[in-house]
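Q:
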Amino acid sequence: MLHIAMIGCGAIGLSVLELLKDDRDLALDQVVVPAGHLDQARQRLAGIAAQARVGEALDYARRPDLLVECAGHAALAEHVIPALERGIPCLLVSIGALSEDGLAARLEDAARRGGTRVELLSGAIGGIDALAAARVAGLDSVVYSGRKPSRAWKGTPADERFDLDGLTEPTVIFEGSAREASSRYPKNANVAATLSLAGLGLDATRVRLIADPTSEENVHHYQARGAFGEFEMTLRGKPLAANPKTSMLTVLSIVRALGNHAHAVSI
Ligand SMILES: NC(=O)C1=CN([C@@H]2O[C@H](COP(=O)(O)OP(=O)(O)OC[C@H]3O[C@@H](n4cnc5c(N)ncnc54)[C@H](O)[C@@H]3O)[C@@H](O)[C@H]2O)C=CC1
Ligand SMILES: O=C([O-])CC(=O)C(=O)O
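So in UniProt numbering, spot 229 of the sequence shown is number 229, and the numbers just go up one at a time.
#1: Taking only the alpha-carbon atoms, compute the straight-line gap between Leu131 and Ala105 and give it to the nearest angstrom.
#2: Quick check: what's the CA-CA separation for His182 versus Asp39?
#3: Measure the alpha-carbon distance for Ser247 versus Leu202 and round it to whole angstroms.
#4: Return the first residue and the last residue of the alpha helix (DSSP H) that Gly127 is part of.
#5: In terms of residues, what are the limits of the beta strand (DSSP E) holding Ile12?
#6: Looking at the strands, I want to know which residues DSSP matches up with Phe174.
#7: On the DSSP letters alone, give me the boundaries of the alpha helix (DSSP H) that Gly226 sits inside.
#8: In the DSSP output, which residue or residues are listed as bridge partners for Leu2?
#9: Could you tell me whether any non-hydrogen atom of ligand 2 is closer than 8 Å to the CB of His221?
#10: Decide if Lys245 is buried, meaning its Cβ has at least 16 other Cβ atoms within 10 Å, or exposed.
#11: Under 9 Å between the Cβ atoms of Ala11 and Val68?
#12: Using the Cβ count rule (16 or more neighbours within 10 Å means buried), how would you classify Asp212?
#13: Curious, which full-length alpha helix (DSSP H) runs of at least 4 residues does the segment 74-158 contain?
#14: Leu38 lies in the alpha helix (DSSP H); which residues open and close that run?
#15: Could you name the residues of the same chain whose beta carbon sits closer than 8 Å to that of Leu76, not counting the 5 residues immediately before and after it, in chain order?
#16: What do you reckon, is the C-beta of residue 285 under 8 Å from a heavy atom of ligand 1?
#17: Could you give the distance in angstroms between the alpha-carbon of Val32 and the alpha-carbon of Glu56?
#18: Can Arg225 and Val142 be called in contact, C-beta distance under 9 Å?
#19: Under a three-way DSSP split, which group does Gly201 fall into?
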C-alpha cells in the first residue's frame, strides 16, 4: 500500500481522487491547501476521501511515501522543496514554476540533500519520452503552440490586452520564449516549460499562445528537429469542466504516475 499526500485539491486533485478511490494499492492520507481553502477542501473530500487529513502544511509525523503536487507554482517553494529535503519523493505538474530564476537548482539540490527524487510529469502533453531521448544526440529547434478557447485566458495578462469575449477568430495572444510564457501564464503554459526542460531549454524553445473562440479543445502542437530526425505532435485535449484552463490528460498523467509507483508493473 502506497501512502500519498496531495498538495492542492482543485479541478485536478479532485478528478485524480475520483479515479483512484477504488485503487486498493493507494491510500490518500493528507491534503494540503492554503488556510482560506481548508473548509472547501474538507467538503470536497467528504464523498471521496473522508479519511484524509486536510491541513495548510504537511504533517511529517504521518510521513507520506510519495507527495503529488497539483496546486500551482507557489506550492513548489512552499511545500515541495521542504518535503524533498526530508527525503519524500515528489511528483509535479506545476512545471512552469521552474522558469523562476534558481528554482530548478533549488529543487534538484533539495532532492539530493534528501536522498530522494523529483519527477516532472508530462501533464497535458505527450511525446516527452521521444523529445528527451532526441535531446541526447542534440536538438536544433523546438517550436510549440498552445491554443485554448477564449474563456481559458480569463484572468491572465491576455484578458487585459484583448477583448476575449469579443474575439471572432483565433488570435495570437503571446509569442516569445518558454521562460516568458511560463512566468506570465502560470496556469496555461506549464506544457511550454515541460517541453523546454525535456528539450532545448526555457530560452531556446519558441512559444506561441492562441485564444480560439471557435474551439472547445486545448490544442497543443509542437515540432522538434535535431540529429535524430524530426517529429511533430498535435494533442487535442478536452478541458476539465471544473477548470477550462486545464486539460483532462493532466489528471490522467497523474493517475498513471501514481499507479506506476503503487502497482507491481509499470507502463
Ligand atoms: N503540467 C501540465 O500540463 C499542467 C499543469 N497544471 C498545474 O496544475 C495547477 C492546478 O490546476 P487545477 O487543479 O486545474 O487548479 P485549481 O485552481 O482548480 O486548483 C488549485 C488547488 O490548489 C490549491 N492551492 C493553491 N495554491 C496553493 C498553495 N500555494 N499550496 C497548496 N495548495 C494550493 C487550491 O486551494 C486548489 O485546491 C495549475 O495551477 C498549474 O500550475 C495545470 C494544467 C496542466
Ligand atoms: O492543461 C492544459 O491544457 C495545459 C495547461 O494548462 C498548461 O500548460 O499549463
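Built from N, CA and C at the ideal position, the CB exists for glycine as well.
A: The answer reads as follows:
#1: Cα-Cα distance, rounded: 22 Å.
#2: According to the sequence displayed, residue 182 carries Ser and not His. For Ser182 and Asp39, the gap between their C-alpha atoms comes out near 30 Å.
#3: Here the alpha carbon of Ser247 sits roughly 22 Å from the alpha carbon of Leu202.
#4: For Gly127, no alpha helix (DSSP H) encloses it, and the DSSP letter there is neither H nor E.
#5: Segment Ala11 to Leu20 is the alpha helix (DSSP H) holding Ile12; no beta strand (DSSP E) there.
#6: DSSP, once it has assigned bridges, lists Leu209 as partnering Phe174.
#7: Counting along the chain, Gly226 falls outside any alpha helix (DSSP H), though it belongs to the beta strand (DSSP E) covering Asn218 to Gly226.
#8: Paired residue(s): Leu26.
#9: For ligand 2, not one heavy atom lies less than 8 Å from the Cβ of His221.
#10: By the Cβ neighbour-count rule, Lys245 is buried, with 16 or more other Cβ atoms within 10 Å of its own.
#11: Using a Cβ distance threshold of 9 Å, Ala11 and Val68 do not count as a contacting pair.
#12: Buried, since its Cβ has 16 or more Cβ neighbours within 10 Å.
#13: For the segment 74-158, whole alpha helix (DSSP H) runs of length 4 or above, ordered along the chain, are 81-85, 103-114 and 128-135.
#14: Following the DSSP letters along the chain, one finds Leu38 inside the alpha helix (DSSP H) bounded by residues Leu38 to Leu45.
#15: Spatial neighbours of Leu76 in its own chain (CB-CB distance under 8 Å, excluding positions within 5 residues in sequence) are listed in chain order as Glu69, Leu92, Ser94, Ala97, Leu98, Leu103 and Leu107.
#16: It is not possible to answer for residue 285, since the shown part of the chain is limited to 1 through 267.
#17: Between Val32 and Glu56, the alpha-carbon positions lie close to 5 Å from each other.
#18: Contact: yes.
#19: In the three-state scheme derived from DSSP, where H, G and I count as helix and E and B as strand, Gly201 is classed as coil.
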